[in-house]
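Comments concern the structure below.
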Amino acid sequence: MADNLSRYRAKRDFKKTAEPSGEVDVRSSNRRRFVIQKHDASRLHYDLRLELDGVFKSWAVTRGPSLDPSGKRLAVEVEDHPLDYGDFEGTIPKGQYGGGTVMLWDRGYWETEGNRTPEEALAKGDFKFRLEGDRLHGSFVLVRMRNDRDGGKRTNWLLIKHHDAFSVDEDGAAVLEKNLKSVASGRTMDAIASGNGRKPKPFMLSEAVVEADAVWDSSQGLAAEERKDGRNIKPIASKKPTSVERPSSAMPDFIAPQLCETLDRPPSGKGWIHEIKFDGYRIQMRVENGEVTLKTRKGLDWTKKWPAIGSAASSIPDCIIDGEICALDENGAPDFAALQAALSENKTDELVYFAFDLLFAGDEDLRDLELTERKDRLAALLSMLATIRFFASSNISRPAGMRC
Ligand code: MN
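First residue of the sequence shown? That's 37 in the numbering used here, and the numbers climb one at a time after it.
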C-alpha cells in the first residue's frame, strides 16, 4: 500500500519536518484505529484519520467535529497519511506544508455501519461509521458533496453526527472547548508549540518502537530552534494565584466571541454601526486582580505570546474585553503577514491591541446592554491607558442594540 503515500511524501521535506515519513512498521490491529489531530495551521482545523487498507484516510474538518446532528461540518478530503502519523504530536516548521502545531486530540477504534464495505461506501460518497474514542463516540456519516466549489481540485465532504445516545441538541462544538489538552500527552497547544511537557504516549506504535517517538517531539523544528536560541518568551504573570487562593468571581473564564458573517451587502436602516474588520488575531482580554489572560477566539490561552500587551493591561480594573491584536504597517494599517512574522520571532512589543467591546466590568455582566453603551463604558475604562487603542467606528456592521 506504500504507493498510497506518494502524495503524502511529495508534499513534505523530511529533512525539515519532524513528521513521520511512513517508514516505520506499524503493528496490524484486529480493530481499525482512528485519530483526530487538532492542527493550528494557517487556519485551525481538526484532521480526522480513519485506518483503512494500511493507511489513514484523512479529512481536514474545518470547524472540528460537532456532536449536534444539525451541525454539518465541512470535511476536506486530503492525502492518505501513514499509520505512524497517528502518534505524531509536535510542531511542523513554518513554511513547510501544514506548518503549525499538531495535537493528538482523540483516538480509538472505528467500525463501518451498514452493509457496504468501507471501500464501497467511500466510493459511493455515503460513508457511515461508528467511533469509539476517548472523546468522540457513536455514529457519524461522511457525505460527499456534489458540487465542488473549489473546482474539483479538492473533494469536499460533510461530516455529520447521527442521532444517538452520544449526540446533543445544541452546542455541538462544546466537546472541543471542553477538551483543550492532548489525549496522548495532556499538553495544551501552547505547551506543544514550545516543546515543553510530557511526550505523547504512543498508540499506533508498540512499546518496542517507542524509541522512534523521540524523533517526533519538538526536538526538531521551529519550536526547538527557538528554544536553542533562548528566544522562548516568559510568562508575564509571575504571581499566578493557585486555584485555592483565587477568589471566586462572577466573571467567566472565557466568553465565546461573536464571529463575523459574510453578507452580500451591508445592512441598511437604523440601529447599525460600522466597524473596521481588523486583519489580526481576535483576542479576548480578561483582567482580574491585575492578572491578565489573552485568549484566542477558540479560547486558547495565548497570554505568553504577547507579554508587552499583557503587562500593559495589568493595570486596568477587572474586566473582559473583546478586541484584536494587529501589527501595523508604516501607514498604520493592519498587516497580517507582519503579525505572523512578529509572532514567529517573538518580537511582539510593537503590536497593538484594538479593544472594541466590553463584555464584563468587574462583576457586572454588560452583555445585555446596547453595544453603543458598552463602547462608551469601554472608552471610559481605557481612557487611562495609552497603550491600548480604542476604535469605535468604520466598516463592519453590528446592530447597535445587539447583545454580545
Ligand atoms: Mn491538517
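By construction, the Cβ of each residue, glycine as well, lies at the ideal position given by its N, Cα and C atoms.
Distances from the CB of His-75 to the heavy atoms of the ligand MN include at least one below 8 Å. Following the DSSP letters along the chain, one finds Lys-197 inside the beta strand (DSSP E) bounded by residues 192-197.
With a cut-off of 8 Å on Cβ pairs, the region 173-184 is not in contact with the region 208-215, counting fewer than three such pairs. Boundaries for Thr-384: no alpha helix (DSSP H) harbours it, and the DSSP string shows neither H nor E there. For Asp-120, the three-state secondary structure derived from DSSP is helix. Between the region 118-132 and the region 52-66 there are three or more inter-stretch CB-CB distances shorter than 8 Å, so the stretches are counted as touching. Residue environment analysis places Ser-94 among the buried positions, since at least 16 neighbouring C-beta atoms fall within 10 angstroms of its C-beta.
Distances from the CB of Asp-142 to the heavy atoms of the ligand MN are all 8 Å or more. Counting other Cβ atoms within 10 Å of its Cβ, Thr-153 stays below 16 and is therefore classed as exposed. Between Arg-143 and Phe-92, the C-beta spacing is not below 9 Å. Here the distance from the Cβ of Val-114 to the nearest heavy atom of the ligand MN is below 8 Å. The C-beta separation of Lys-197 from Phe-176 comes to about 6 Å, placing the pair in contact by the 8 Å criterion.
Taking a C-beta distance under 9 Å as the contact criterion, Leu-394 and Arg-413 qualify as a contact pair. In the three-state reduction of the DSSP assignment, Glu-59 falls in the coil class, being assigned neither a helical nor a strand state.
Within a 10 Å sphere around the beta-carbon of Lys-306 sit fewer than 16 other beta-carbons, which makes this residue exposed.
Taking the Cα positions, Arg-333 is about 23 Å away from Trp-308. DSSP, read as helix, strand or coil, puts Pro-370 in strand. Judged by the Cβ position, Ala-54 fails to qualify as a neighbour of the ligand MN at the 8 Å threshold, every heavy atom of the ligand being at least this far.
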